[in-house]
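First up is the structure itself, then whatever we jot down about it.
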Ligand SMILES: *Cc1c(COP(=O)(O)O)cnc(C)c1O
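In our numbering, the protein residues as written are 23 to 448.
The following block contains the structure:
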């Protein structure tokens, strides 16, 4: 079966042929490949074509596909039962591993997806602050729960418009949208509304391309939250154990009131979490009256994968330095090749995460990101796929380096980029 045939079959029974929209390659005007298997830094489609994989399941696989340590832990644990609906010590073990890395947090609760983590964190924050209003930032993504599927309205100081059909206006009315890296936009909203008790942000945004917050901005945001008793949620679902071992905390040193985790902490299986100080976490049921639950929460196989991943991260010296070096090699190479071909590009690296925008404007927020040349991106993406390099099929996503990648792999990708970019403007 070819990729195209598989896609056709899938589309008959699954909307758009995919279980998550970006996988459909709609943003780059082509069709997706279907995966047969993957190993290390490479992924192979059902036609037998191999790609160097800069997607890495959108972040979780920091050691690449089929890492032996993680695979072994998963298989051994699976033999003892796939799910219990009762507690196992594995949950406490992973909890302790994460809390050791974030010593200012006291307690953590596991869920199955990043969406669930941020949704639960918002409910907890509302339960704690006793206020319904929340602020999020334009271009930040926190999963697909109703309160968070909101985009900027006409002015930053008005409440947001829903960004999906099916989200009740009454829910969106409690979500206000501020401009990333713009503290005045936050103040403007707060000065006009007194029902805001929560601010949620990707401290290192990875869902509008890679756009880190500026240190002064994040510091000012923390200060405003302190002054006004607002719960600050740092969404580290992507940046946690990716931008640095301790995510944005390791880079900025800013403490959140609630932190959300996902992706790497499940090592490729469904696990995510939210964590906070005891005072806040004590409100979660069964201790308190903020309800939260899950049939597969703390799943033993996912916990085992997470434990194996985080233990290996701890045991691998200079891991993030090595990953960052490869990320910089790739983005510096892209910059050089773009320049040789008269193409405008902005690049960014934070640990194992990298981003690139086809624009001459420095990207600090979503509006800046939108100045990118999306046609050029599409052509570049399709060209790279043809050359055997799998980059995220959207300009507004982040790229991921994994530990299974080598300098030679980056050279391979840069050679491909050279070939593709020299044909782009023709
Ligand atoms: C991926 C992501 C989510 C959502 O996680 P899912 O597991 O896809 O539900 C939430 N927040 C951020 C910052 C993410 O990158």
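Idealized CB from N, CA, C, for every residue including glycine.
Quick one: is the Cβ of residue i within less than 7 Å of any heavy atom of ligand 1?
i           : result
residue 137 : yes
residue 257 : yes
residue 224 : yes
residue 285 : yes
residue 340 : no
residue 482 : Since the first and last residues shown for the chain are 23 and 448, residue 482 lies out of range.
residue 51  : no
residue 320 : no
residue 228 : yes
residue 140 : yes
residue 260 : yes
residue 479 : Nothing in the structure corresponds to residue 479, since the chain is present only between 23 and 448.
Only counting the same chain, and skipping five residues up and downstream in sequence, which positions put a Cβ closer than 7 Å to that of residue i?
i           : result
residue 409 : 438, 441, 442
residue 373 : 264, 265, 266, 342, 345, 346
residue 83  : 290, 424
residue 312 : 145, 146, 149, 305, 306
residue 112 : 322, 325, 326, 329
Secondary structure at residue i, three-state DSSP: helix, strand or coil?
i           : result
residue 169 : helix
residue 375 : strand
residue 281 : strand
residue 36  : coil
residue 46  : helix
residue 368 : strand
residue 289 : strand
residue 381 : coil
residue 222 : strand
residue 178 : Note that residue 178 scores a pLDDT of 48, beneath 50, so its modelled location is shaky; the value from the coordinates is reported in the next line. If DSSP states are grouped into helix, strand and coil, residue 178 belongs with coil.
residue 320 : coil
residue 234 : strand
residue 275 : coil
residue 97  : helix
residue 55  : coil
For residue i, count the other beta carbons within 10 Å of its own beta carbon; 16 or more makes it buried, fewer makes it exposed. Which is it?
i           : result
residue 213 : exposed
residue 256 : buried
residue 230 : buried
residue 376 : buried
residue 220 : buried
residue 387 : buried
residue 106 : exposed
residue 244 : buried
residue 188 : exposed
residue 197 : buried
residue 27  : exposed
residue 426 : buried
Check the DSSP bridge columns for residue i and list the partner residues they point to.
i           : result
residue 163 : Looking at the DSSP assignment, residue 163 forms no beta bridge with any residue, so it has no partner.
residue 64  : 61, 74
residue 297 : 130, 281
residue 257 : 282
residue 158 : 199
residue 194 : According to DSSP, which records beta bridges pairwise, residue 194 is partnered with nothing at all.
residue 266 : 262
residue 87  : 62
residue 227 : 233
residue 421 : 376
Go through its chain and collect everything with a Cβ distance to residue i's Cβ below 6 Å, but skip five positions before and after it.
i           : result
residue 208 : 200
residue 234 : 226, 372
residue 382 : 366
residue 299 : 128
residue 334 : 91
residue 117 : 130
residue 136 : 165, 259, 284, 294
Of all Cβ atoms in chain B, is any one closer than 8 Å to the Cβ of residue i?
i          : result
residue 37 : Here there is only one protein chain, and chain B is not present.
Between residue i and the rest of its own chain, which residues show a CB-CB distance below 8 Å, the 5 nearest in sequence each way excluded?
i          : result
residue 58 : 66, 67, 68, 70
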